[in-house]
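Counting from 1, position 45 in the sequence shown corresponds to residue 89 in my numbering; the numbering is continuous, with no gaps.
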Amino acid sequence: MEPTQPSVAPVTPERTALRRHYLMCRPEHFAVTYAINPWMDPAAGASAEKAVAQWEALREAYVALGHEVSLIDPLPGLPDMVFAANGALVVGGRAYGARFTFPERAAEGPAYGEWLRAGGFDVREPEHTNEGEGDFLTLDGLILAGTGFRTDVAAHQEAQEFLGRPVVTLRLVDPRFYHLDTALFPLDGNNVAYYPGAFSPGSRAVLERLFPDALIASEADAAVLGLNAVSDGRNVVLNAEATGLAEALAARGFNPVPVDLTELRKAGGGPKCCTLELRSV
Ligand code: ARG
């Protein structure tokens, strides 16, 4: 039997964008010359020229959304420096510096630290291994922190002490998702999207408890680094291939902004990896 009642249209919440300040690094020296994650194959060939063109479109997308983008000069010999998210964790005008796991990227930590110091941020030299916003994601009431492949748990404690914000440890278990920002992103200050298969059973339980209304992403969307996305609370910049995720975001009232970063994915990076948020509050 056909229902006689008129059906009620689903209520999609109005989302509000907050203007952000991002730091980015043009991939002029981009290459895949070593392999420190399963995405990287030095034999596959990666083009700096292509990477720059795709990265420029990402930068333009941020500017078109009304965000401020600052730039740090790329240094020769540091092909992964384009991944600005790894350069620090900046919250409330304080910058907790990065200390990289692999020697290939070690010089990036001081380079980002110097830029931030010159920009007036209170920079803390880290004692413990951590890869900045690759493994630290900031929400209103807490910071989520990944461990298992790169960042040490001791760095989670160091960041909590320096920033005065609660830091919650999450354990990553799938090498494809070696940084927290490859498996999870904040939709806004209070909720997240994530791929459960990237986390240990205990960490999955923590996420379910903290975010009962989270957007759960499929393996297919995660496997194109769809979760390496950047949300301003309304607009979500994400890899174009993550079509299921884009649909789910739209159904929740977000505006998906697809970008093509296939060249940078050869190094295991996506939009979020290229973007360090500079938070003054
Ligand atoms: N090739 C880089 C590495 O393995 C990619 C870093 C990606 N950055 C990120 N925030 N997930 O270190």
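Think of the CB as a built atom: it goes at the ideal place given N, C-alpha and C, for glycine as much as any other residue.
Quick caveat: nothing in here was measured; it's all calculated off a predicted structure.
Boundaries of the beta strand (DSSP E) in which residue i is found, first to last residue
i    : result
E112 : 112 to 115
Y66  : 65 to 68
V236 : 236 to 238
D166 : 166 to 168
F229 : 228 to 230
Check: residue i C-beta below 7 Å from any heavy atom of the ligand ARG
i    : result
I116 : no
G136 : no
M68  : no
T182 : no
A105 : no
R149 : yes
G121 : no
G310 : Before going on, a small fix: residue 310 reads as Lys here, not Gly. For the ligand ARG, not one heavy atom lies less than 7 Å from the Cβ of K310.
A90  : no
Residue-chain proximity (residue i, chain D), Cβ-Cβ < 8 Å
i    : result
S114 : The chain labelled as chain D is not found in the depicted structure, where only one protein chain is given.
Which residues DSSP lists as bridging residue i, in chain order
i    : result
G141 : A132
G190 : L214
R253 : According to DSSP, which records beta bridges pairwise, R253 is partnered with nothing at all.
T182 : I187
S275 : V280
E321 : Y66
I260 : Y238
F243 : L216
N81  : Partner(s): none; N81 has no beta bridge.
Delimiting residues of the alpha helix (DSSP H) encompassing residue i
i    : result
P154 : 152 to 162
V303 : Per DSSP, V303 belongs to no alpha helix (DSSP H); it is in the beta strand (DSSP E), 299 to 303.
K316 : Looking at the DSSP string, K316 is not in any alpha helix (DSSP H), and its letter there is neither H nor E.
G233 : First-last for G233: undefined, no H or E at that position.
R103 : 92 to 108
P295 : Looking at the sequence itself, residue 295 is Ala, so the reference to Pro does not match. Its alpha helix (DSSP H) spans residues 287 to 295.
V197 : 197 to 207
Three or more C-beta pairs closer than 8 Å, one from the segment 128 to 148 and one from the segment 174 to 192: is that the case here?
-> yes
Kindly confirm or deny that the segment 121 to 140 and the segment 64 to 80 touch, where touching means at least three C-beta pairs closer than 8 Å.
-> yes
So does the segment 299 to 319 actually touch the segment 264 to 277, counting three or more Cβ pairs closer than 8 Å?
-> yes
The segment 178 to 188 touching the segment 149 to 169, judged by at least three CB pairs closer than 8 Å | Taking one beta carbon from each stretch, the segment 178 to 188 and the segment 149 to 169 have fewer than 3 pairs nearer than 8 Å; the two do not touch.
Does the count of Cβ pairs from the segment 278 to 292 and the segment 82 to 98 closer than 8 Å reach three?
-> no
Contact the segment 129 to 141 vs the segment 77 to 91: 3+ CB pairs below 8 Å = The way I'd put it, the segment 129 to 141 doesn't touch the segment 77 to 91; fewer than three beta-carbon pairs between them come closer than 8 Å.
With a cut-off of 8 Å, do at least 3 Cβ pairs link the segment 102 to 114 to the segment 222 to 235?
-> no
Touching by the beta-carbon criterion (3+ pairs, under 8 Å), the segment 240 to 260 and the segment 193 to 205 | Contact check between the segment 240 to 260 and the segment 193 to 205: fewer than three CB pairs, one atom from each, fall below 8 Å, which does not count as touching.
Segment contact flag, the segment 190 to 198 with the segment 258 to 267, C-beta cutoff 8 Å, min 3 pairs = no
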